[in-house]
Amino acid sequence: MLQRLWTKAASNSWWINKMRTRQRLEYSNKLILAPMVRVGTLPMRLLALEMGADIVYTEELIDLKLIKSIRRPNHALGTVDFVDPSDGTVVFRTCAQETSQLVLQMGTSDAERALAVGKLLQRDISGLDINMGCPKEFSIKGGMGAALLAEPDKAAQILSTLCSNLEIPVTCKIRILPDVADTIALVQKLAATGIAAIGIHARTRDERPQHQPHPDVLREVAQSVTIPVIANGGSRHMHCYDDLLKFQLECGAASVMVARAAQLNVSIFRRDGLLPMDEIITKYLRLCVDYDNAPHNAKYCVQSILRELQETPRGKLFLQCQTLQQICEIWQLGDYCRRRQLELKEQGNVGRAEVQPAKRQKLQQELEEEDEKDRLAGLICRHVAFLRSTYQSDTELPKTRLYVHAGRLSKSPPAYETKQCDKLFRAVCLFDGQRFSSTFWEKNKKQAEQGAALVALLHMGQMDEEMLRHNGSLIR
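Going by the UniProt record's numbering, the first residue of the sequence shown is number 1, and it counts up by one from there.
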């Protein structure tokens, strides 16, 4: 017992010294990759840094999702993963190459919960940003994002709580208010909490990208506070590196934050000019392979880069892809993808379907007993997870495909029985006198039924088994 206490004390001392010696992130004279949903994942952040960005923000991550995650070093990838213990989903992935330049943006409406998440994350990031500007309905309804603009006292409480208790700098990102004086008053109130900088989107909550930004408002705001103001919202007029600096100058800001312009071509951060589209895609896909990025996320980012070229023959072929392997084949990275995925698997990297829920030993025993009973009863089982993101339309979903298949054979449509165990679900698909089920427990009833239908399709040769292995759905 005493030995454990000494070990813990030494570990805490090491951690405190590490935090004290880490160079504090500075926000002046920086080019910054803005937080963008589905774009700001690890491969794009690393590519932005390679292209010349000084700081990279994650996509907005919700506190409720982060607070229940488990920190897990991934030695095969050389990353630190924050994993949802219920199904193995990676909520946030980072690596040492970006730590000193990484800011995590969090969606929150509660100071204490935000602080708990900040303490969980602060060893793996260099800054924490609170989203106070997102106008999306999801954020507003949860009291997050732009909803906090209408509650300045609450916004200030969240920031002051974090600034007083975390070892890393805290920032926030807002939108301007309809009235300049109100915007200045809000920014001054938030600056007084101790934040290191403030990002400001140069549009109001109700304005969208098609509306002109208001650099004149940012200029007045920047003159009213001593902390760095980070200008955002000028992507519409950003076509090259010099345009970033021009927008920063127009706003009188300390730094500039780039969103859509970087989403379309992240090499906008390069002093030496933009790189060709295919070179950007190739670099990005290599990083996706190296860091086991989700296929649907990689596809979304490549779609953003292709834009109207999705209508070309190559673009249409790309749109049919469902796996990272298939995408890589189009950009002559097929062999690289196959080789790296095999190497990573041999080194111990695991996909979502290989991660069992972190449950008590008693529950695990109950699940194993259930599986054994099912096998003895003649149930046809495979260990397969249903990943909704790999299916492009409802017509491709396993249940729909099985229903159509039954119609072609003039068979009765499949039926489903679902069982629940400690908030997890498994379903049995009854079709043509046989019973099918996945041994992977899903988060809800609908996903469990899709998993059971997948097993039926696999058994009848109606689903590509190799595709499921590549996208991490199928293990055995």
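Every residue gets a Cβ at the ideal spot worked out from N, C-alpha and C, and that includes glycine.
Within the same chain, show all residues whose beta-carbon is closer than 6 Å to that of Asp81, passing over the 5 residues directly before and after it, in chain order. Arg72, Asn74, Val90, Arg93
Taking Asp394 as part of the beta strand (DSSP E), name the residues at either end of that continuous run. Looking at the DSSP string, Asp394 is not in any beta strand (DSSP E), and its letter there is neither H nor E.
Within the chosen definition, does the stretch 95 to 103 reach the stretch 158 to 166 through at least 3 CB pairs nearer than 8 Å? no
For Ser160, which residues of its own chain have a beta-carbon under 7 Å away from its beta-carbon, when the five flanking residues on both sides are left out? Thr193, Gly194
Pro73 in three-state terms, based on DSSP: strand
Look at residue 477 and Phe436 and say whether their C-beta atoms are less than 7 Å apart. Since the first residue of the chain shown is 1 and the last is 476, residue 477 is not available in this structure.
How far does the alpha helix (DSSP H) with Ile168 in it reach, from first residue to last? First-last for Ile168: undefined, no H or E at that position.
Over what stretch of residues does the alpha helix (DSSP H) that includes Cys134 continue unbroken? From DSSP, Cys134 is part of no alpha helix (DSSP H); its letter is neither H nor E.
Taking DSSP as the reference, what is the three-state secondary structure of Ile158? helix
Who are Ile200's beta bridge partners in DSSP? Ile174, Ala231
Hey, Gly143 and Ser109: beta-carbon distance below 7 Å or not? yes
Less than 7 Å between the beta carbons of Ala197 and Thr171, yes or no? yes
Closest by C-alpha distance to Lys173, when choosing among Leu47, Glu343, Arg113, Pro35: Pro35
Three-state secondary structure assigned by DSSP to Gln320: coil
How would you label Leu46, buried or exposed, when you count the other beta carbons within 10 angstroms and need 16 or more for buried? buried
C-alpha gap between Gly40 and Ala427, whole angstroms: 35 Å
Just verifying my parser: in three-state terms, what is the DSSP assignment at residue 530? Residue 530 lies beyond the stretch modelled for the chain, which goes from 1 to 476, so this question has no answer here.
Taking just the CA atoms, how far does Leu77 sit from Asp292? 8 Å
Going straight from the alpha carbon of Arg123 to that of Met106, what length do you get? 16 Å
N-terminal and C-terminal residue of the alpha helix (DSSP H) that Glu151 is part of: Taken as a continuous stretch (DSSP letters only), Glu151 belongs to no alpha helix (DSSP H), as it is neither H nor E.
Excluding the five sequence neighbours on either side, which residues of its own chain have a C-beta within less than 8 Å of the C-beta of Thr226, listed in chain order? Ala191
Alpha carbon to alpha carbon, how far is Met460 from Gln420? 27 Å
Do the stretch 294 to 306 and the stretch 443 to 453 meet, that is, are 3 or more Cβ pairs less than 8 Å apart? no
Assign Pro215 to one of two classes, buried (16 or more other C-beta atoms within 10 Å of its C-beta) or exposed (fewer than that). buried
Determine whether the beta carbon atoms of Leu31 and Tyr57 lie at a separation below 7 Å. no
At what residue ranges does the stretch 50 to 126 contain a whole run of the alpha helix (DSSP H), taking only runs of 4 or more? 63 to 67, 111 to 121
Going by beta carbon distance, what residues of the same chain come within less than 6 Å of Thr21, once the five residues before and after it are set aside? No answer about Thr21 holds up, because its pLDDT of 49 lies below 50 and its placement is not dependable.
Measuring only the C-alpha atoms, how far is Asp464 from Thr323? 12 Å
Could you pull out every residue in the same chain whose Cβ sits closer than 7 Å to the Cβ of Cys337, ignoring the five residues on either side in sequence? Val289, Leu324, Gln325, Cys328
From the DSSP output, in three-state form, read off Ala353 for me. The predicted position of Ala353 is uncertain, since its pLDDT is 47 and thus under 50; a value taken from the coordinates is nonetheless stated next. Looking at Ala353 - three-state DSSP - the assignment turns out to be helix.
Within the chosen definition, does the stretch 339 to 347 reach the stretch 404 to 411 through at least 3 CB pairs nearer than 8 Å? no
Between which two residues does the alpha helix (DSSP H) harbouring Arg338 extend? 334 to 346
Starting from Arg426, follow the beta strand (DSSP E) in both directions and report where the run begins and ends. 424 to 431
Give me the Cα-Cα distance between His237 and Thr439, rounded to the nearest whole angstrom. 52 Å
Relative to the C-alpha of Gly145, which residue among Asp153, Arg205, Leu275 is closest? Arg205
Is it the case that the Cβ atoms of Ala114 and Ile158 are separated by a distance below 7 Å? yes
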